[in-house]
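Protein chains in written order, with our numbering: chain A, 4 to 235; chain B, 6 to 739; chain C, 3 to 84; chain D, 3 to 84. Everything on this sheet refers to the single structure shown next.
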Amino acid sequence: MKFGVVVFPGSNCDKDCFYVIKDVLKQPVKYIWHQDTELKRLDCVILPGGFSYGDYLRTGAIARFSPVMKSVAAFAAKGGTVIGICNGFQILLEAGLLPGVMLRNAGLHFICRHIYIKAQNTRTRFTNLYREGQVLNIPIAHNEGNYYIDSDGLKELKDNDQVAFRYCSAAGVVDGSANPNGALDNIAGIINKKGNVLGMMPHPERSSETDLGLRDGYFIFESIVKWLEVKR
Amino acid sequence: MKPGAYRSLGLSDQEYRHILKILKRKPSDTELAMFSVEWSEHCGYPRSRKWLKILPKTGKYKTLIGEDAGGIIVDGLAIIFKMESHNHPSQVEPKQGAATGVGGIIRDIFTAGARPIALLDSLRFGPLTQTYNKYIFRGVIEGIQFYGNCVGVPTVGGEIYFDKSYTGNCLVNAMCIGIAKQTELVRARAVGLGNSIMYVGSSTGRDGIGGCSILASHEFKEGEEKRPTVQIGDPFTEKCLIEATLEAINTGYVAGIKDMGAAGLTCCTSEMASAGNSGMDVELQAVPRREENMEPWELMMSESQERMLVCVKKGKEEQVKKIFLKWGLCASVIGKVTNDKSVTIRDNGKIVARIKAHSLTRAPVYDMPYKKPAHLKEATKFALKNIPEPKDYNKALLKLLAVPSIANKAWVYEQYDHMVQVNTIVLPGSDAAVLRLKGTDKAIAATTDCNSRYCFLDPYKGAQIAIAEAARNLVCSGARPAAVTDCLNFGNPEKPESFWYFKNCIEGIRDACKSFNVAVVSGNVSLYNESPQSSINPTPTIGMIGIVNHVDRVCTQNFKQSGDMVILLGRSKEELGASEYLAEAHNMIKGSVPHIDLKLEQAVQKAALEAIEKGLVNSAHDCSEGGLAVALAECCISNKNKIIGANIDNLDYNIRSDALFFGESQSRIIISCDKASVEKIRKIALKFKAPFRVIGKTGGQVLRILNGAKELICLPLEDLYEEWGGSLKRKIEG
Amino acid sequence: MLRAEISITLKRTVADPQGLTIRHALESLGYKGLADVRAGKLVVLKLNSQNKKKAQQEVEQMCKKLLANPIIEEYRFKITEE
Amino acid sequence: MLRAEISITLKRTVADPQGLTIRHALESLGYKGLADVRAGKLVVLKLNSQNKKKAQQEVEQMCKKLLANPIIEEYRFKITEE
Ligand SMILES: Nc1ncnc2c1ncn2[C@@H]1O[C@H](COP(=O)(O)OP(=O)(O)O)[C@@H](O)[C@H]1O
Ligand SMILES: [Mg+2]
């Protein structure tokens, strides 16, 4: 199966995602320049982390107008697999491919450290290799990860089981003290209704090799591969 | 410009006469401006150059000394690195000053064709008890994270000290490391008659005009009127500039390239022509600009950020231009390479400056007078017997752990993205950061070090200790010390006392580097660091990188498991002079600095390194500020997810307990290992004649330290962590 | 030439930690009697145009489309002759 | 109750990368005729006070001391009754 990693001006995790897919996951992968619109023959599109357009004005606000985003929307509408990591998540929100918005971290600081998240819904193409409720130790690195949505929106997310990951303690307790950025309901990652678009703040590509410590994030990529294989 | 303008540009009457002699005529405004920046200390090093020459340029690894940065070759891989200061701008506008400092040093690296893979920052501020110092501190951290995080280069290490000598003149020294295949490197030269000179990056405005000479070469007085404009950093544009530049270099069409840092176009045109032993003919109308009707001299002086000057092979202009435009950057051919050795600057064809490149870049060299400061006599007078021992060693240790210079720096480095590029295998918080080199089984370790209190009391020894400690930090991470960059921060060189410090520090660096057989491949000088109150402590910041031969032999400082044996390599002497403890508990900056014996240092380091490389060691940590007790505490608590106690019951040196626990004797490393490895390590220590002693055992929920039979310290790990871990946050946010 | 000054602020319903921090900073500087502090963004446009009416509509769209996020932000703007 | 609306913008002579980026974004969305775009900060204060004159001086101080850095920024403010 073929992966595509979108490169926006200011993306800075594009090479990391590319490297992990190619050298760790050992799957074919190519870069997609933000002005290209050709996504044919791709199985999964990754919107990487970074600071597209410097995060000037609002994170993701400008990138969502890049030509490639029209194609990504069409790709997603046809059921294509899309994953947005960190800034990629923020872009998906601004583009309306996922519900809600990102506010600045409650502490008003950029936060880079390992935190714990809980796999809430493991019946998705992104999480099928995790156990329900499994706790992952994985890094975050962001300034705007404070997820927000109005109460109706939140209810809908829950009713449709769209919350993929929530911040929790090492023991798996989901509470305020385990919430690094003030995200509503400790939400760290969500999927769309159809379940083919995932947005998450933590960085699975930074948690995919034993060299770097843990590889709890790796199985997100492998889940996608497995799901696609089964589908074939 | 009005007559005598040269003075306000920082040129002396003598220098002005010299310029008249060179040109055999009166300089134009533009020419005068160009001389003033090129001959400023910041660019031309007139006062320091004579002494920089004595630094060793060769060492155990093959070195590359470039125009901007320098580096070493490891298995055909070029590791390019350099440190640069942005002190004065940060004092004026902390956030943007620090941000543009980071931007500048990154450009120095990728302009050589190397991809930036890591940043470190060495910072010094006045005490956090003063609100204004707090404001500067917060601003500087804000600026570093703002720029570094966005530009996608991990900030993996650094150091932070607080001392009243930095009140009114903070130090912001940023270091960047990059890698490239040796074959991909480019020089900052204009070569090839008829090749094109292309301007790329952001457009030019009136940013920081004269900043280079005026800002960097004059003591900064609070509220001083001639305040220069500070530049605004644009990390987004820099990120695009990195990608575009490396892509352009990759085409093979780039004959030379240099970043427009201090003195922008002036520096680039003259230094590229001079380095290429060629000339340059430039038309200013072709320079992309942001503001209307800028004067030629303004264009030549502007320090607008995120710009580069490229020497493009004739006929390849369009291909190169396309790349920069694709990344949304300006690209414009502004001139050609000539062979008349002159820099010719035109405005609408009319010549506004024509100067021999060499006469700009070969600034006059001054032999500055130096004199040992009188105050040292008094300051080094110190008798331990007059110092009462602490009644409560527990209290003393807790207090020391909370000292901002010693306390945990997580509040700072967790605001930096230190993982992007997925190479960081040892994260901030250990003795040195370690980055893997993808595709090899080697890794790079990097650290910055300088105890400026030592340098204040004894510049020669202090500088040697800075080198020794940097090397020790690398060794504790499992790396072989490989090469050095330095950033020499001193006071006004026209004061013989501060120049004495400068000279002695450089000699200390030279001798220590020779004995470690490491080269100084790059560096930077920042003089005139004076606040209204005083000049700063002499601060020769050392940046050192080391090579780890096997990624899986990397070592960190925190204890790994209960039941390990704790070993001390090195000797503890009865030394309290110049220590953090003396300053903290007795409010004394006094005494002679710890003795440093480079032979002993190497013995200890070689022993530790061999033990680590043989896989015998579970943790290694060097003793520095705060001495043995603080180092032991850090071994227990520096991994907050896994704190492990220790029982240190075999320390009988017959010296005073305060000296034993808090004294800063050099050349000491604390190791923990499995019981089974103790004898093997003892043999290794013996082989290198490194003092070896098993001092205790890990485990339990307390840190317990005895001197002889006396239990003097016994503290729950939570209390240690509370003081050390929370201190900085409390002092900044509380 | 027209000048459009656009103020973008967080909706009342959305917490504004930045405003709060500024408030604390001001109070610690000794400024009492602050009932509320809100932080926001400012965008100032210069338009080569005389047609104020058309500008009104354009700026309105710019805000809707790009400058503000309607879920959390509200905007106001003022257009003046230069 | 008084309301102080403070606008902080970068000085003309200082580069404004954010404004420039916003400008390009607007242009690529098809908005022509932009002569200039500057980004800035907005701070809105509510003061429990009736004394407009005193407020004037206080807010002036706040800007000088905390809200703006005179080296790169300039500020304007407007105080109105609520
Ligand atoms: N203290 C020093 N030790 C060694 N090399 C130095 C020192 N100071 C400056 N250099 C070298 O002199 C050259 C010019 O330095 P600098 O002017 O700081 O670089 P840039 O031109 O990028 O500002 C560089 O190669 C730098 O490494
Ligand atoms: Mg430079």
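Idealized CB from N, CA, C, for every residue including glycine. Every value quoted in this text rests on a predicted model; they were computed, and no experiment measured them.
Residue 104 (chain B) sits away from residue 73 (chain B), with the two beta carbons spaced by 9 Å or more. From the beta-carbon of residue 50 (chain C), the residues of chain D found nearer than 9 Å are 34, 35, 36, 37. Going by C-alpha positions, residue 325 (chain B) is about 29 Å away from residue 63 (chain A). Distance between residue 33 (chain A) and residue 249 (chain B), taken at the CA atoms: about 19 Å. Residue 48 (chain C) has its alpha-carbon roughly 25 Å from the corresponding atom of residue 206 (chain B). Here residue 560 (chain B) carries a coil assignment [DSSP, helix/strand/coil].
Distances from the alpha-carbon of residue 586 (chain B) to those of B:662, B:602, B:291, B:82 put B:662 closest. When A:208, A:71, A:99, A:82 are compared, the shortest CA-CA separation from residue 144 (chain A) is found for A:208. DSSP places residue 687 (chain B) within a helical segment (H, G or I) once states are collapsed to three. By the neighbour-count definition (other C-beta atoms within 10 Å, threshold 16), residue 501 (chain B) is an exposed residue.
A direct Cα-Cα distance of roughly 14 Å separates residue 66 (chain B) from residue 484 (chain B). Within chain B, 419, 420 have C-beta atoms less than 8 Å from the C-beta of residue 114 (chain A), given in sequence order. The residue among B:699, B:697, B:413 with its C-alpha nearest the C-alpha of residue 730 (chain B) is B:413. The residue among A:28, A:84, A:20, A:11 with its C-alpha nearest the C-alpha of residue 57 (chain A) is A:11. The Cβ atoms of residue 264 (chain B) and residue 131 (chain B) do not sit closer than 9 Å to each other.
Between the C-alpha atoms of residue 115 (chain B) and residue 508 (chain B) there is a straight-line separation of about 31 Å. DSSP places residue 733 (chain B) inside the alpha helix (DSSP H), whose first and last residues are 722-738. In this structure, the straight-line span from the alpha carbon of residue 154 (chain A) to that of residue 80 (chain D) is close to 36 Å.
In the three-state reduction of the DSSP assignment, residue 658 (chain B) falls in the coil class. Residue 33 (chain A) sits in a strand when the DSSP states are folded into three classes.
Under the rule that a run must span 3 or more residues, the beta strand (DSSP E) segments found entirely inside the segment 411-439 of chain B read 429-431. When DSSP states are grouped into helix, strand and coil, residue 337 (chain B) belongs to the strand group. Those residues of the segment 51-77 of chain D placed with their C-beta closer than 8 Å to a C-beta in chain B are 71, 73, 74, ordered along the chain.
Residue pairing by DSSP puts residue 76 (chain D) in a beta bridge opposite D:11. The count of Cβ pairs closer than 8 Å, one atom from the segment 76-93 of chain A and one from the segment 180-199 of chain A, reaches three, so the stretches are in contact. Note that the C-beta distance between residue 132 (chain A) and residue 19 (chain C) is not below 9 Å. Taking a Cβ-Cβ threshold of 7 Å, the residues of chain C close to residue 24 (chain D) are 45, in chain order.
DSSP, read as helix, strand or coil, puts residue 143 (chain B) in helix. Burial state of residue 3 (chain C) is exposed, judged by a 10 Å Cβ sphere holding fewer than 16 other Cβ atoms. At a cut-off of 9 Å between beta carbons, residue 153 (chain A) contacts chain C.
Around the CB of residue 691 (chain B), fewer than 16 other CB atoms lie within 10 Å, so the residue is classed as exposed. Under the criterion of beta carbons closer than 8 Å, residue 216 (chain A) and residue 206 (chain A) do not qualify as touching, at roughly 13 Å.
Across the set B:695, B:579, B:709, the C-alpha of B:579 shows the shortest separation from the C-alpha of residue 665 (chain B).
Put simply, the segment 269-288 of chain B touches the segment 342-357 of chain B. At least three CB pairs are less than 8 Å apart. For the options C:59, C:52, C:29, C:67, the alpha carbon positioned closest to that of residue 69 (chain D) is the one of C:29. Per DSSP, reduced to three states, the secondary structure at residue 176 (chain A) is coil, with no helix or strand assignment.
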